Amino acid sequence: MNAPRTKPEAADAPTSLKKALTTSLLYFFILGDVLGAGVYVLIGEVAAEAGGAVWVPLLVALCLALLTATSYAELATKYPRAGGASHYATLAYGPFTGFVAGFCMLAAGVVSVAALARGFGGDYLAEFVTLPVVLVTVVFLSALALLNARGISESTRANAVATVIEVSGLLLVIGLGAWIVLRGDGDMGRLSDLGTADEGPFAAVLSGAVLAYYSFVGFETSVNVAEETRDPRRSYPRALFGALLTAGAVYALVGAAAAAAVPTGKLAGSSGPLLEVVRAAGGVPTEVFSGIALIAVANGALLTGIMSSRLAYGMARDGLLPHFLTAVLPGRRTPWAAIAVTTALALLLALTGDVSTLASTLVLLLLVVFFLVNTSLLVLRRDAGLRDHFRAPVVVPVLGALSCIGLATQIEREVWLRGLVVLAVGAALGSVAALRLRRAR
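First residue of the sequence shown? That's 8 in this note's numbering, and the numbers climb one at a time after it.
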């Protein structure tokens, strides 16, 4: 491996972004991003792969996610700058690899926001009002962009409120599941039912863990606001691990409640598995869950939009994207140019309906990013770095990189083909960016 190519900046170096995030706000930022809209459909898919014991693959996925999260914790406290994975890969391998990492994150983030915008105007909203999807998408993304531009503290406070609502809805499911069991209509025996007619227990856990891993994706976006955290060396690890462990506990309890309350076949065949728990329990209007789902979708889009804009800002500051993306609002000190461009791209994707062709590549792109982050940590261990930063055991990034490879082998061939196209585009653009940066130097 080569030594780091770029000299890192000190953690206390001047920054043009406002330091406004406390530990609690950052905790809710990460928790809200992890507890996104996917949890409302995930449990049924995991049950289809693993059987009634859905809590087992969920806990396995949590352990795998914690490996890469630990690598992020060291890098984010050592180099607290917007840009995240792109910045780390640039320091370790140079601008080309840094661009590829950032491009993968940007592609995943923009597509995710577009997909969530389309989802917001779908069936959940139809429970309350019927409006053209195009109109809803334009208004939805415009509102998120304005909130994002207003300020990081305002955005994360809105996220904190939304996260409390999301978690309350999930706690409601846990309570309803317990009530169903207590009144004798549930079956606790399903919680030990691991495996399906086609797969044994080990294969079922592996298949279920791949799906469950998707639910923990989102923690990586928080590194892009480390620069706006007041004391990242202290706050970031606490917020990151606290949020992931909270999400893991909530997921396991929701999975256990759903599996015990609803027959596995019915759970696996439903596109709204948590709604099946509400229906089985009775007494709670189904519109309540539609409202909670809308909040979850909006919250996930807001947080992903924040990540995408800060990532674009950080890459531009590193010379990997056009310099105009570093422009910030004079008073608010938020990256308005990056917010405008990433929102416009998300709007274009949402309005053209091309999201479905890229959505299935999101996890593959993020696994590429996670692999680069784990290996970058090993390279950057040669740099003494900053004082008092979090330090992970050496075995953690090694296991994290291996887990990315293992999970990638479980992804379908068709997804790989689409992902390779995106990676090829990123590599081509990265070559141009690296050449331009080399000439500028």
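C-beta: ideal position from N, C-alpha, C; glycine also.
Just so it is clear, the structure is predicted and the values come from calculations on it, not from any experiment.
Residue i beta carbon near the ligand SAM (any heavy atom closer than 7 Å)
i: Ala347; result: Inclusion of the ligand SAM in the displayed structure is not the case, the ligand content being empty and no account of it being possible.
Cβ-based burial, residue i [other Cβ within 10 Å; buried from 16]
i: Ala435; result: exposed
i: Arg125; result: buried
i: Thr137; result: exposed
i: Gly433; result: buried
i: Ala275; result: buried
i: Met1; result: The structure shown does not extend to residue 1, since the chain is modelled only from 8 through 448, so no value can be given for it.
i: Thr359; result: exposed
i: Phe135; result: exposed
i: Phe397; result: buried
i: Ile313; result: buried
i: Arg88; result: buried
i: Ser316; result: buried
i: Leu189; result: exposed
i: Thr416; result: exposed
i: Ser1; result: This structure does not reach residue 1, given that the chain is present from 8 up to 448, and the question cannot be answered.
i: Val168; result: exposed
i: Ile412; result: exposed
i: Phe331; result: exposed
i: Pro400; result: exposed
i: Gly191; result: exposed
i: Pro239; result: buried
i: Val428; result: exposed
i: Cys111; result: buried
i: Ala150; result: exposed
i: Ser175; result: exposed
i: Val420; result: Residue identity differs from the one stated: residue 420 is Arg in this sequence, not Val. Arg420 should be labelled exposed.
i: Leu442; result: exposed
Integer-rounded CB distance, given that residue j should sit under 8 Å from residue i
i: Tyr243; j: Leu42; result: Not quite, the Cβ-Cβ distance comes to about 19 Å (not below 8 Å), so this is no contact.
i: Gly321; j: Ser93; result: 6 Å
i: Gly158; j: Val140; result: About 29 Å separates the two Cβ atoms, so there is no contact after all.
i: Leu471; j: Ser222; result: The chain is shown from 8 up to 448; residue 471 falls before or after that span and cannot be answered.
i: Val143; j: Leu369; result: With 8 Å as the limit, Val143 and Leu369 do not qualify as a contact, their Cβ atoms being about 22 Å apart.
i: Ala57; j: Phe226; result: That belief does not hold up - the Cβ atoms of Ala57 and Phe226 are roughly 23 Å apart, past 8 Å.
i: Leu74; j: Tyr86; result: Going by Cβ atoms, the distance from Leu74 to Tyr86 rounds to 19 Å, so no, they are not a contact pair.
i: Leu49; j: Gly255; result: Actually they do not touch by this definition, with Cβ atoms about 13 Å apart.
i: Gly298; j: Leu371; result: With 8 Å as the limit, Gly298 and Leu371 do not qualify as a contact, their Cβ atoms being about 33 Å apart.
For residue i, the residue or residues it bridges with in DSSP
i: Leu28; result: Thr236
* Asked: Is the stretch 55–75 in contact with the stretch 260–270, if contact means three or more CB pairs nearer than 8 Å?
  -> Taking a cut-off of 8 Å on C-beta distances, the stretch 55–75 touches the stretch 260–270, as three or more cross pairs fall below it.
* Asked: At what residue ranges does the stretch 40–92 contain a whole run of the beta strand (DSSP E), taking only runs of 3 or more?
  -> none
* the stretch 331–343 in contact with the stretch 77–85 per 3-pair CB rule at 8 Å -> no
* Every unbroken alpha helix (DSSP H) within the stretch 148–180, with a cutoff of 4 residues, ordered by chain -> none
* Asked: Does the count of Cβ pairs from the stretch 392–410 and the stretch 370–384 closer than 8 Å reach three?
  -> yes
* To do: Answer yes if the stretch 290–299 comes into contact with the stretch 170–183, meaning at least three C-beta pairs across the two stretches below 8 Å, and no otherwise.
  => Yes: the two stretches touch, three or more of their Cβ pairs being nearer than 8 Å.
* At which residue ranges does the stretch 290–352 contain complete alpha helix (DSSP H) runs of 4 or more residues, listed in the order of the chain? -> 293–324
* Three or more C-beta pairs below 8 Å linking the stretch 322–334 and the stretch 92–111 -> yes
* **Sufficient close CB pairs (3 or more, under 8 Å) joining the stretch 198–218 to the stretch 292–302** => Taking a cut-off of 8 Å for Cβ pairs, the stretch 198–218 and the stretch 292–302 do not touch, as fewer than three such pairs fall below it.
* Inside the stretch 209–284 only - alpha helix (DSSP H) runs reaching at least 4 residues -> Whole alpha helix (DSSP H) segments, 4+ residues: 239–268 and 271–275.
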